[in-house]
Amino acid sequence: MKILLVEDEPKVASFIKKGLEEQAYEVEQAYDGSFGLKLALQNEYDLIILDIILPNMNGLEVCRAIRKKKPLVSILMLTALGATDDKITGLDAGADDYLTKPFEFKELLARIRALTRRVGESGASEKLTIADLEMDLGSKTVTRAGKPVNLTAREFSLLHYLLRNRGRVVSRVDITESVWETSFDTGSNVIDVYINFLRKKIDKGHSGKLIHTLVGMGYVLKEDDA
Ligand code: CA
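In this text, residue positions in the sequence shown follow this note's numbering: the first is 122, and each later residue adds one.
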């Protein structure tokens with residue numbers, strides 16, 4: 122498992138690197154945004170850990186630039202900012218998850234495990250469908266009405282979860298526990314943000330909506346019966 126760590130504070134960087142190497146992860150480092158981006162684009166990583174405040178190019182810009190070329194690589198943002206707006210901006214820039222500094226190392230490990238867990242590892246050529254939407258777990262691709270839908274790794278995991286539970290109402294807690302394998306701070310609207318990302322990519326421009334909100338209950342993926 123190969124991880125790219127983009128963090129400019131030497132103490133924090135070496136603490137994370139040592140800890141990850143003890144867990145048998147292979148770690149490559151960059152101390153500024155532009156070098157981090159260069160490495161991210163030229164090499165293959167299972168995960169990229171990206172600080173937000175970085176010299177040369179900030180983490181949000183780096184994240185957006187990586188996403189343009191590599192929609193599926195997992196990106197975990199580190200933020201010392203703490204404000205919800207900054208977290209949402211991070212997710213909007215294409216990060217799959219975020220962790221607020223200072224954090225406990227075991228929390229970082231839990232996030233890494235969740236992000237690097239392979240979706241559909243067991244069934245190589247398995248396909249999940251609903252209406253004209255198709256998810257191919259082997260090639261990790263999604264199409265709607267035959268057209269490719271580009272999803273980030275986290276969006277793919279969320280859609281995979283909704284597809285496995287199609288026709289059933291799933292709560293935000295179900296989604297948080299199954300897709301994020303963690304619990305967010307109370308009041309966090311991360312799930313809603315991701316559902317909106319998915320809606321834009323899957324339902325926008327199609328007459329039959331697939332993602333439905335049940336106020337006070339959660340979400341359901343089903344064919345529009347209206
Ligand atoms: Ca920093």
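Built from N, CA and C at the ideal position, the CB exists for glycine as well.
Worksheet entry | Reduced DSSP secondary structure (H/G/I, E/B, other) of Val311 | Reduced to three states, the DSSP call for Val311 is helix.
Discussion item. Tell me which residues pass a beta-carbon proximity test against ligand 1: closer than 5 Å to any heavy atom, given in chain order.
Written reply: Going by the Cβ distance cut-off, the answer is Asp129, Asp172 and Ile174.
Worksheet item: On the three-state DSSP scale, how would you describe Gly297?
Response: Checking the sequence shown, residue 297 turns out to be Thr, not Gly. Taken through DSSP and simplified to helix, strand or coil, Thr297 comes out as helix.
Worksheet item: Is DSSP giving Thr237 helix, strand or coil here?
Response: Note: Thr237 maps to helix in three-state DSSP.
Discussion item. My assumption, with CB atoms under 8 Å, is that Lys261 sits in contact with Leu158. Please give the rounded CB distance.
Written reply: The beta carbons of Lys261 and Leu158 sit about 23 Å from each other, so the pair does not count as a contact at 8 Å.
Worksheet item: Leaving out five residues before and five after Asp172 in sequence, what residues of the same chain have Cβ atoms less than 7 Å from its Cβ?
Response: These residues qualify, in order along the chain: Val127, Glu128, Asp129, Gly180 and Leu199.
Worksheet item: For Arg188, which residues of its own chain have a beta-carbon under 6 Å away from its beta-carbon, when the five flanking residues on both sides are left out?
Response: Within the same chain, Arg188 has close Cβ partners Gly215.
Worksheet entry | DSSP three-state assignment for Tyr340, whether helix, strand or coil | Strand, per DSSP.
Item to complete: State the DSSP-derived secondary structure class of Ser195, mapped to helix, strand or coil.
Response: The answer is strand: DSSP assigns Ser195 an E or B state.
Fill in: Neighbourhood of Leu283 by C-beta, 6 Å cutoff - its chain only, sequence neighbours within 5 removed
Hits under 6 Å: Leu342.
Worksheet entry | With 16 other Cβ atoms within 10 Å as the buried cut-off, status of Asp217 | Buried is the call here.
Worksheet item: Taking the alpha-carbon positions, what's the Thr307 to Leu220 distance?
Response: The predicted model places Thr307 with a pLDDT of 48, which falls under 50 and marks its position as unreliable; any figure quoted below should be read in that light. Thr307 and Leu220: Cα-Cα distance of roughly 15 Å.
Discussion item. Considering only DSSP beta bridges, list what Leu171 is partnered with.
Written reply: Paired residues: Val127 and Met198.
Worksheet item: Which residue spans inside the stretch 264-297 form an unbroken beta strand (DSSP E) run of at least 3?
Response: With a minimum length of 3 residues, the continuous beta strand (DSSP E) runs that stay inside the stretch 264-297 are 268-270.
Item to complete: Starting from Leu220, follow the alpha helix (DSSP H) in both directions and report where the run begins and ends.
Response: Membership of Leu220 in any alpha helix (DSSP H) is not indicated; the residue belongs instead to the beta strand (DSSP E) covering Asp218 to Thr221.
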